[in-house]
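Asks: Please read through the structure below; I'll follow up with questions.
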Amino acid sequence: MTLDKVVGSAQEAVADIPSGASLAVGGFGLCGIPMVLIEALLEAGVDGLSVVSNNCGVDDWGLGVLLAQQRIAKMTSSYVGENKEFERQYLSGELELELTPQGTLAEKLRAGGSGIAAFFTQTGVGTQVAEGGLPRRYHPDGSIAVASPVKPVQTFDAGGVSREFVLEEAISTDFSLVHALRGDRYGNLVFDKSARNFSPLAAMAGRVCIAQVEEIVEPGEIDPDAVHLPGIYVDRVVVVGPDIEKRIERRTVSPERAASREMPEGA
């Protein structure tokens, strides 16, 4: 493999992702989502995808554009709001959902990228997360077709106190898609503020990681101490430029601020 990981286009970068592949996708809400890669995947026509991401975008943006075309067969997520089509497909039995606590999802991705098969956590003990029975897929009539399984629970001495912990298996996927502010030709990445969110963890979990970056620099131009994700985890880099569309899910302005914006200039 050449050290220069830059490819010419998003279409080229995702060309070998087949139908039925599993994907880990970075982003939180609409923050830090690899939209150019998602659109290229939509254009490629693949379907039957199993996607691991914090959420599934909104109805017309993010992973929501793949969902709207019924390209996603299963979602593993921690948040499923903001998307009416997601709700419709899940409740009608068209979409499988593995609902996972947010911190657990992050650690499952990190573990998958670190070669850790599973780990114990207190999160979910005493709930259906551990005891099973969470609906993963419904029948069209509303009955449960697939439910989550019972997970092993074990007691450990944690700080002198015996506590129960549930065993969670790591997540690794065929591919991962992430968005970064900056990258070099060797694949070292820097994420922008909160757009860092799940992206490094999703990138680690993919056996082939594809990163879209707003800026490409030469090796050595990024201070090693500033690298958020080492290039060892990244296989392909696509330059998308700084002018790509970035949406905000909900813009909230205080009544006072809204009123001040409506005042004529100089008032």
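Each step along the sequence shown adds one to the number in numbering that gives the first Met the number 0, with nothing skipped, and position 101 is 100.
Glycine included, each C-beta is placed from N, C-alpha and C at the ideal position.
In this text, all values refer to a predicted model and were calculated from it rather than measured experimentally.
With three or more beta-carbon pairs closer than 8 angstroms as the criterion, would you say the segment 40-48 touches the segment 19-28?
Replies: yes
Asks: Indicate whether L62 and I37 have their beta-carbon atoms separated by less than 8 angstroms.
Replies: Reading the sequence shown from its first residue, position 63 is the one you call residue 62. Reading the sequence shown from its first residue, position 38 is the one you call residue 37. Cβ atoms of L62 and I37: closer than 8 angstroms.
Asks: Could you give the DSSP three-state label for G205: helix, strand or coil?
Replies: Within the sequence shown, residue 205 is the residue found at index 206, counting from 1. G205: strand per DSSP, three-state reduction.
Asks: Quick check: A169 and G111, are their CB atoms within less than 8 angstroms of each other?
Replies: As a first step, residue 169 must be located in the sequence shown, where it is residue number 170. As a first step, residue 111 must be located in the sequence shown, where it is residue number 112. Yes, the pair counts as a contact, with Cβ atoms nearer than the cut-off.
Asks: Start and end of the alpha helix (DSSP H) containing A129?
Replies: Your numbering for residue 129 matches position 130 in the sequence shown. Start and end: 127-130.
Asks: Kindly give me the distance between the Cβ atoms of L2 and Y185, rounded to whole angstroms, as I take these residues to be in contact under 8 angstroms.
Replies: Looking up residue 2 in the sequence shown gives position 3. Looking up residue 185 in the sequence shown gives position 186. About 5 angstroms; that satisfies the 8 angstroms criterion.
Asks: Can you tell which of G182, G205, V79 has its C-alpha closest to the C-alpha of G56?
Replies: Locating residue 56 in the sequence shown gives position 57, counting from the first residue. Among G182, G205, V79, the Cα nearest to that of G56 belongs to V79.
Asks: Considering only the alpha carbon of each residue, which of G158, I71, P199, G159 lies closest to G182?
Replies: Along the sequence shown, one-based indexing puts residue 182 at 183. When only C-alpha atoms are compared, the closest one is P199.
Asks: From which residue to which residue does the alpha helix (DSSP H) around K107 run?
Replies: Translated into positions along the sequence shown, residue 107 becomes position 108. Taken as a continuous stretch (DSSP letters only), the alpha helix (DSSP H) holding K107 covers 101-113.
Asks: What's the call for P139, buried or exposed, on a 16-neighbour Cβ count within 10 Å?
Replies: By 1-based counting over the sequence shown, the position of residue 139 is 140. P139 is exposed by the Cβ-count criterion.
Asks: Which of the three DSSP states is assigned to D58 in this structure?
Replies: On the sequence shown, residue 58 is found 59 positions in, with the first residue counted as 1. The answer is coil: DSSP assigns D58 none of H, G, I, E or B.
Asks: Using the rule of at least 16 other Cβ atoms within 10 Å of the residue's Cβ for burial, across every protein chain shown, is K4 buried or exposed?
Replies: Here residue 4 is taken as the residue at index 5 of the sequence shown, counted from 1. When all chains shown are included, K4 counts as buried.
Asks: Could you check which residue in I209, V177, G205 has the C-alpha nearest to that of R195?
Replies: Working through the sequence shown from its first residue, we reach residue 195 at position 196. The shortest Cα separation from R195 among I209, V177, G205 belongs to V177.
Asks: Using a Cβ-Cβ cut-off of 8 angstroms (strictly less than) and excluding sequence neighbours within five positions of A39, which residues of its own chain qualify?
Replies: As a first step, residue 39 must be located in the sequence shown, where it is residue number 40. Within the same chain, A39 has close Cβ partners S8, A9, Q10, A12, V13.
Asks: Entirely within the segment 33-91 and at least 4 residues each: give me those alpha helix (DSSP H) ranges in chain order.
Replies: 34-43, 63-67, 83-90
Asks: Going straight from the alpha carbon of Q153 to that of V124, what length do you get?
Replies: Looking up residue 153 in the sequence shown gives position 154. Looking up residue 124 in the sequence shown gives position 125. Each residue's Cα considered, the two are about 10 angstroms apart.
Asks: Could you give the DSSP three-state label for G186: helix, strand or coil?
Replies: Indexing the sequence shown from 1 puts residue 186 at position 187. Residue state, collapsed to three classes: coil.
Asks: In whole angstroms, give me the CA-to-CA distance for Y137 and E106.
Replies: For the purposes of this step, residue 137 is taken as the residue at position 138 of the sequence shown. For the purposes of this step, residue 106 is taken as the residue at position 107 of the sequence shown. The alpha-carbon atoms of Y137 and E106 are separated by roughly 27 angstroms.
Asks: For I215, which three-state DSSP category applies?
Replies: Taking the first residue of the sequence shown as position 1, residue 215 is located at position 216. The answer is strand: DSSP assigns I215 an E or B state.
Asks: DSSP beta-bridge partners for I143?
Replies: Start at 1 with the first residue of the sequence shown, and residue 143 comes out as number 144. Looking at the DSSP output, I143 sits in a beta bridge with Y137.
Asks: Thinking C-beta only, is V233 closer than 8 angstroms to A202?
Replies: Here residue 202 refers to the residue found at position 203 when the sequence shown is read from its first residue. Here residue 233 refers to the residue found at position 234 when the sequence shown is read from its first residue. Their beta carbons are under 8 angstroms apart, which means A202 touches V233 by this criterion.
Asks: Sort out for me which residues DSSP pairs A157 with in a bridge.
Replies: By 1-based counting over the sequence shown, the position of residue 157 is 158. BP columns for A157 point to V160.
Asks: Mapping the DSSP letters down to three states, classify E95 as helix, strand or coil.
Replies: As a first step, residue 95 is located in the sequence shown; it is residue number 96 there, counting from the start. Looking at E95 - three-state DSSP - the assignment turns out to be strand.
Asks: Report the three-state DSSP secondary structure of L2 (helix, strand or coil).
Replies: Taking the first residue of the sequence shown as position 1, residue 2 is located at position 3. The three-state reading of DSSP puts L2 in coil, since its state is none of H, G, I, E or B.
Asks: Helix, strand or coil: how does DSSP classify S175 here?
Replies: Walking along the sequence shown from the start, residue 175 turns up at place 176. S175 falls in the strand class under three-state DSSP.
Asks: Would you kindly report the start and end of the unbroken beta strand (DSSP E) that includes A117?
Replies: Against the sequence shown, residue 117 aligns to sequence position 118. Looking at the DSSP string, the run of the beta strand (DSSP E) that includes A117 is 117-120.
Asks: Rank N54, Q68, D58 by C-alpha distance to the C-alpha of E42 and give the top, closest one.
Replies: Along the sequence shown, one-based indexing puts residue 42 at 43. The shortest C-alpha separation from E42 is found at Q68.
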